[in-house]
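For the sequence shown, the numbering used here begins at 1 and goes up steadily by one.
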Amino acid sequence: MNKNEFVQKVCSAAAYRLGERYQVAVSGAGESNGVRMHRLLVRHRYQEVTFAVYLNECWKYYESGMPFPQVMNRVMDICRCLEQIGDADIDYFKSFEKVKDRICYRLIGRKEDREWLESVPHIDFLDLKVFFYYVFQAGNQGEVEVQIKKTHMGMWETTSEELFELAKVNTPKLFPWKYCNILDMIYGDMELESDICDEGETDNLDDGIPRMWVLTNRSYQYGATCILYPEVLAKLAEKGQSYYILPSSVHECIFTKCEDEPERDSFKSMVEDVNRYQVPADEVLSYSVYFYDASERKIRLLT
Numbered sequence: 001m002n003k004n005e006f007v008q009k010v011c012s013a014a015a016y017r018l019g020e021r022y023q024v025a026v027s028g029a030g031e032s033n034g035v036r037m038h039r040l041l042v043r044h045r046y047q048e049v050t051f052a053v054y055l056n057e058c059w060k061y062y063e064s065g066m067p068f069p070q071v072m073n074r075v076m077d078i079c080r081c082l083e084q085i086g087d088a089d090i091d092y093f094k095s096f097e098k099v100k101d102r103i104c105y106r107l108i109g110r111k112e113d114r115e116w117l118e119s120v121p122h123i124d125f126l127d128l129k130v131f132f133y134y135v136f137q138a139g140n141q142g143e144v145e146v147q148i149k150k151t152h153m154g155m156w157e158t159t160s161e162e163l164f165e166l167a168k169v170n171t172p173k174l175f176p177w178k179y180c181n182i183l184d185m186i187y188g189d190m191e192l193e194s195d196i197c198d199e200g201e202t203d204n205l206d207d208g209i210p211r212m213w214v215l216t217n218r219s220y221q222y223g224a225t226c227i228l229y230p231e232v233l234a235k236l237a238e239k240g241q242s243y244y245i246l247p248s249s250v251h252e253c254i255f256t257k258c259e260d261e262p263e264r265d266s267f268k269s270m271v272e273d274v275n276r277y278q279v280p281a282d283e284v285l286s287y288s289v290y291f292y293d294a295s296e297r298k299i300r301l302l303t
């Protein structure tokens with residue numbers, strides 16, 4: 001059983017053990033080189049709390065010889081622990097002062113469920129939307145997320161704009177950005193951080209490496225949000241080079257220099273093909289192509 005088969009088997013077994021009251025899914029599965037941090041996502045059908053179990057360590061236990069039923073017992077123990085943390089966090093969730101330092105944002109496409117969008121505070125960004133959530137990270141076992149609703153915003157007497165300003169500070173701290181050439185993503189082991197072009201290390205953006213690079217975060221989950229981080233896009237254009245941004249998925253964006261003008265028309269079809277054939281429907285970010293103008297320090301939507 002390979003890693004992806006293991007992750008899917010864990011998902012099925014967890015859904016069976018937890019029962020119909022819970023929705024169970026996998027995030028980050030499907031990469032042949034195991035780059036992503038595989039997570040088991042569990043959400044009670046009648047609550048706004050989602051907890052995520054990190055499965056990479058569980059895979060290591062299985063790979064070292066631990067029987068699958070015993071691995072599942074560990075997974076379920078972590079689920080129960082995270083659910084208790086989530087329940088405890090809800091008790092003080094009413095206090096804006098207690099939660100404001102862990103309010104983060106995330107990018108989604110505008111074609112999300114309209115009824116859901118009406119229930120959550122959000123801000124428009126080009127043809128995308130920014131929404132907000134509270135996150136509690138439980139060491140290397142997992143994390144608990146609470147979707148921020150308009151009812152929370154009313155209880156806290158705050159605004160979408162204030163949530164955005166808080167998330168703009170918190171998200172880069174909790175989920176730092178990472179930048180690499182695309183071959184490290186496809187063929188390399190990014191967990192070793194070999195040849196990674198990380199924060200403050202943009203000297204190797206010149207020719208001599210592949211023309212495409214990937215922007216994500218260090219958890220490889222919802223890393224496309226990094227295009228919102230203050231000064232990141234300007235940092236990546238510090239040599240005065242404008243570039244195109246291709247939304248590979250909600251987890252990452254692909255960058256390519258605008259000197260490749262003849263290829264511009266092919267970018268949109270490239271994004272469409274990736275979304276249609278390689279990205280799960282719930283991980284598609286956008287079918288659009290974006291352009292960052294280094295001279296104007298501004299990102300815009302290409303029509």
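Quick reminder that beta carbons are idealized off the backbone N, C-alpha and C, glycines included. Every value quoted in this text rests on a predicted model; they were computed, and no experiment measured them.
Contact under 8 Å by Cβ, residue 134 with residue 108
Taking the first residue of the sequence shown as position 1, residue 134 is located at position 134. Taking the first residue of the sequence shown as position 1, residue 108 is located at position 108. The Cβ atoms of residue 134 and residue 108 do not sit closer than 8 Å to each other.
Can you tell me whether residue 221 is buried or exposed? The criterion is at least 16 other CB atoms within 10 Å of its CB, across all chains shown.
On the sequence shown, residue 221 is found 221 positions in, with the first residue counted as 1. Buried is the label assigned to residue 221, since at least 16 other Cβ atoms lie within 10 Å of its Cβ.
Any idea which residues DSSP pairs residue 23 with across the strands?
Here residue 23 refers to the residue found at position 23 when the sequence shown is read from its first residue. The partner list for residue 23 (beta bridge, DSSP) reads 43.
On the three-state DSSP scale, how would you describe residue 217?
The count along the sequence shown starts at 1 and reaches residue 217 at position 217. Here residue 217 sits in strand by DSSP.
Who are the Cβ neighbours of residue 267 in its own chain at under 7 Å, not counting the five residues just before and after it?
Here residue 267 corresponds to residue number 267 of the sequence shown, with the count starting at 1. Result list for residue 267: 244, 246, 289, in chain order.
The ligand ZN and residue 294: does any heavy atom of the ligand fall closer than 7 Å to the residue's C-beta?
Absence of the ligand ZN is noted for the structure shown, with no ligands found whatsoever.
Would you identify the three-state DSSP class for residue 238, choosing helix, strand or coil?
Position 238 of the sequence shown holds residue 238. Taken through DSSP and simplified to helix, strand or coil, residue 238 comes out as coil.
Counting only runs of 3+ residues fully inside the stretch 110–187, write out the beta strand (DSSP E) ranges in chain order.
If we require 3 residues or more, the beta strand (DSSP E) runs fully inside the stretch 110–187 come out as 122–125, 128–138, 142–147, 177–181.
Residue 30 in three-state terms, based on DSSP:
For this step, residue 30 is matched to residue 30 along the sequence shown. Bear in mind that a pLDDT of 38 at residue 30, under 50, signals an unreliable position, so the number given afterwards is only what the model happens to contain. Coil, per DSSP.
Kindly indicate the opening and closing residues of the beta strand (DSSP E) around residue 211.
For the purposes of this step, residue 211 is taken as the residue at position 211 of the sequence shown. Run containing residue 211: none; DSSP gives neither H nor E here.
To the nearest whole angstrom, what separates the beta carbons of residue 26 and residue 38, a pair I think is in contact under 8 Å?
Locating residue 26 in the sequence shown gives position 26, counting from the first residue. Locating residue 38 in the sequence shown gives position 38, counting from the first residue. The beta-carbon distance between residue 26 and residue 38, rounded to whole angstroms, is 7 Å. This is short enough to meet the 8 Å contact definition.
Considering only residues of the same chain and omitting the five flanking positions on each side of residue 294, which have a CB-CB separation below 7 Å?
For this step, residue 294 is matched to residue 294 along the sequence shown. Excluding positions up to five away in sequence, the list reads 237, 240, 241, 242.
Secondary structure at residue 302, three-state DSSP: helix, strand or coil?
The residue you call residue 302 lines up with position 302 of the sequence shown. Note: residue 302 maps to strand in three-state DSSP.
Where does residue 46 land, buried or exposed, given buried means 16+ other C-beta within 10 angstroms?
Counted from its first residue, the sequence shown places residue 46 at position 46. Within a 10 Å sphere around the beta-carbon of residue 46 sit fewer than 16 other beta-carbons, which makes this residue exposed.
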